[in-house]
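J.: Here you go, one structure.
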Amino acid sequence: MTAVFDVCVVGSANLDLVATVARLPGPGETVPGTSYAEYPGGKGLNQAVAAARAGASVAFVGAVGADAAASTLLSVLAADHIDPSYVGIASLATGRALIGVASSGENSIIVVAGANGTVTADDLPAARVVLTQLEVPLPAVARAMAAGRRDGAITVLNPAPAQPIGAEILQWCDIVVPNEHEVELLGGVAHLLALGARAVVVTLGADGADLHTAEGTTHVDAFAVTPLDTTGAGDTFSGALCARLAAGNDLPVALRFAAAAGALCTTRAGAVPSIPLRAEVEVLLNEA
Ligand code: RIB
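Structure representation (structure tokens):
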């Protein structure tokens, strides 16, 4: 019998090259770095790890190069029990993200897609929830959402990094999870609901999130934490949300879990290393 995964994530995997700085440089400016580290990351890999650590069985559909960075990223899949069968090995280098993290916790990121640009999503495993973002080619994003809808999965799009996309993708998305900037680029909440989304979750950083449906808007409270590094927090939110939806939680319950997971992610350095386990999220939920 073919396995049905809780969550299938179609997306990017990067090696993150991270410099911490007192403040991020402006255009043309050089600032001194205070530390340097390399972490596994990429929006897709972060989301897959977040879903797995939240308790879901996960398949990751992506691509890496035939290089040392790929070994680092593939070992993350193994450690988090994520099925690697749908990861292609490309002739291009594994994706890289050059990240500056300021002492405020804010970041700025340059992504060199490399192998991520070869992801096609031609072959997806069966899953209860299909999640993707915009760090792989848009035809692959459209294919993933359309295939998920056809096969009866809940289709979830995190439209990051921000770029304008149209109905060729959005018509297949059950739940869209943009931040405030991304939702504007996509034409606004009303437009997304009119295209067929049953929910639009606008993430608001330290202010929580707003859940918009045809019935109205409800606010999801943030969890008060002291942020060290916000890299991967949005990905953690999306991945954890999908894990809880696959487990049968309704949206408000799944969103509260996602908000707690995203908050915890900001308290630690790096993308993948900062993503919390389900038990840690439950401690925060019980304390609140
Ligand atoms: O969302 C955070 C991620 O964006 C980082 O891990 C980096 O790889 C970039 O893709």
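Quick note: the sequence shown uses this note's numbering, first residue 141, plus one each step.
Don't be surprised by glycine CBs; every beta carbon is placed ideally from N, CA and C.
Quick caveat: nothing in here was measured; it's all calculated off a predicted structure.
Alpha carbon to alpha carbon, what distance is there between E355 and R396?
T.: The residue you call residue 396 lines up with position 256 of the sequence shown. The residue you call residue 355 lines up with position 215 of the sequence shown. Looking at the two C-alpha atoms, the distance is approximately 19 Å.
J.: I'd like to confirm something about T371: is its beta-carbon nearer than 7 Å to some heavy atom of the ligand RIB, or not?
T.: The count along the sequence shown starts at 1 and reaches residue 371 at position 231. T371: yes, Cβ under 7 Å from the ligand RIB.
J.: Between which two residues does the beta strand (DSSP E) harbouring Q273 extend?
T.: Here residue 273 refers to the residue found at position 133 of the sequence shown. Where Q273 is concerned, the enclosing beta strand (DSSP E) stretches over A267 to Q273.
J.: Going by Cα to Cα distance, which pick from A188, S414 and A153 is closest to S197?
T.: As a first step, residue 197 must be located in the sequence shown, where it is residue number 57. Closest option to S197, Cα to Cα, is A188.
J.: For P180, write down the residues that DSSP places opposite it in a beta bridge.
T.: Residue 180 sits at position 40 when you count from the first residue of the sequence shown. Bridge partners of P180: L155.
J.: State the start and end residues of the unbroken alpha helix (DSSP H) segment that holds R290.
T.: Here residue 290 corresponds to residue number 150 of the sequence shown, with the count starting at 1. From DSSP, the alpha helix (DSSP H) with R290 extends over L278 to R290.
J.: Helix, strand or coil, according to DSSP, for C382 in the structure here?
T.: Taking the sequence shown and counting its residues from 1, one reaches residue 382 at position 242. Here C382 sits in helix by DSSP.
J.: Is it the case that the Cβ atoms of L185 and V412 are separated by a distance below 8 Å?
T.: Taking the first residue of the sequence shown as 1, we reach residue 185 at position 45. Taking the first residue of the sequence shown as 1, we reach residue 412 at position 272. Against a cut-off of 8 Å, the Cβ pair of V412 and L185 comes out as a contact.
J.: Quick check: is the beta carbon of V161 nearer than 8 Å to any beta carbon in chain C?
T.: Going by chain labels, chain C is absent from the structure shown, which holds only one protein chain.
J.: What first and last residue would you give for the beta strand (DSSP E) that runs through T212?
T.: Locating residue 212 in the sequence shown gives position 72, counting from the first residue. It is not in any beta strand (DSSP E) - T212 instead sits in the alpha helix (DSSP H) that spans A208 to A219.
J.: Which residues bound the alpha helix (DSSP H) around C313?
T.: Within the sequence shown, residue 313 is the residue found at index 173, counting from 1. Element bounds for C313: n/a, residue is neither H nor E.
J.: Suppose the cutoff is 6 Å on Cβ atoms and the five residues either side in sequence are ignored; what does the same chain contact list for I118 look like?
T.: With the chain running from 141 to 428 in the structure shown, residue 118 is simply not present.
J.: Compute every distance between the C-beta of N154 and the non-hydrogen atoms of the ligand RIB, then say whether any falls below 7 Å.
T.: Locating residue 154 in the sequence shown gives position 14, counting from the first residue. Checking every heavy atom of the ligand RIB against the Cβ of N154, one is found closer than 7 Å.
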